[in-house]
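Q: Be aware that the sequence shown starts at 17, since it is given in this note's numbering, and climbs by one per residue. Just passing along the structure, written as structure tokens.
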Amino acid sequence: MTTQPNATTIQVLMVCLGNICRSPTAHGVFYKLIQSNGLEDNILVDSAGTGDWHIGESPDARAVQAAASRGYRIDGLRARQVSPEDFEMYDYILAMDRTNLRELKNSCPDAHQRKLQLLLQYATAENESVPDPYYSGSQGFEQVLDLVEEACDQLLQHIKAQHFSAQAAD
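Take a look at the structure:
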């Protein structure tokens, strides 16, 4: 779901704990928005977890099913852990909750701390964090999608305004 970056590519990394529920969902939602706006050559998205216990695994089947019911494909994604290189490579590193944001801040070099944010900073929802649906029923995965869809839409608008508005005027 990613392409090779070019000189004007903005790279976004979605991060949760194990990279099998929330961050792959956000990855899939944001990727579809990128595609539908014709920005595949300008914006890349990936996802990762702060933990290492699911490396190489597919997203949780419930996340895959909930995403598919709304037209998002995440079944081809594989869990990976955030790496030191990610802090330099990505322009936006978006945590799903405060715990993961804290983990990122603890391992991120000072020069890249400004890249770290909560995804829901881009949403109007009262929630500050995307709740972990792992131990919930299907409604938990639907709530994740509701929150992530709004935040990803606003994130895309922000990126377009911050990074591509001058290009659009040309």
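For each residue, glycine too, the CB sits at the ideal point set by N, CA and C.
Quick check on DSSP: helix, strand or coil for Ser63?
A: strand
Q: Under 8 Å, with one C-beta from each stretch per pair, do the segment 58-65 and the segment 133-141 reach the 3-pair mark?
A: In short, these stretches do not touch, since the Cβ pair count stays below three.
Q: Let me know if Gly87 comes out buried or exposed under the rule of 16 or more other beta-carbons within 10 Å of its beta-carbon.
A: exposed
Q: Bridge partners of Leu242, per DSSP?
A: Given that the chain is displayed from residue 17 to residue 186, the structure contains no residue 242 and the question cannot be resolved.
Q: Let me confirm a value: Pro187 is counted as buried when at least 16 other C-beta atoms fall within 10 Å, else exposed. Which label applies?
A: Here the chain covers residues 17 to 186 and nothing more, so residue 187 does not appear.
Q: In the DSSP output, what is Ile26 paired with across the bridge?
A: Ile59
Q: Give me the Cα-Cα distance between Leu33 and Leu120, rounded to the nearest whole angstrom.
A: Leu33 and Leu120 have their C-alpha atoms some 11 Å from each other.
Q: Using CA coordinates, which residue listed in Thr115, Leu134, Thr24, Asp91 is at the minimum distance from Leu60?
A: Thr24
Q: Let me make sure I understand the geometry here. Which of His43, Gly72, Gly153, Leu55 has the alpha-carbon closest to that of Ile175?
A: Leu55
Q: Helix, strand or coil for Cys32? Go by DSSP, reduced to three states.
A: strand
Q: Under the rule that 16 or more other beta-carbon atoms within 10 Å means buried, what is Asp76, buried or exposed?
A: buried
Q: Between the C-alpha atoms of Asp126 and Glu101, what's the straight-line distance to the nearest angstrom?
A: 14 Å
Q: For the alpha helix (DSSP H) containing Thr252, list its first residue and its last residue.
A: Any property of residue 252 remains undetermined from this structure, which presents the chain solely from 17 to 186.
Q: Could you tell me the alpha carbon to alpha carbon distance between Ala177 and Gly44, rounded to whole angstroms?
A: Pairing Ala177 with Gly44, the inter-Cα distance amounts to about 22 Å.
Q: Which term fits Ala95, buried or exposed, when burial requires 16 or more other beta carbons within 10 angstroms of its beta carbon?
A: buried
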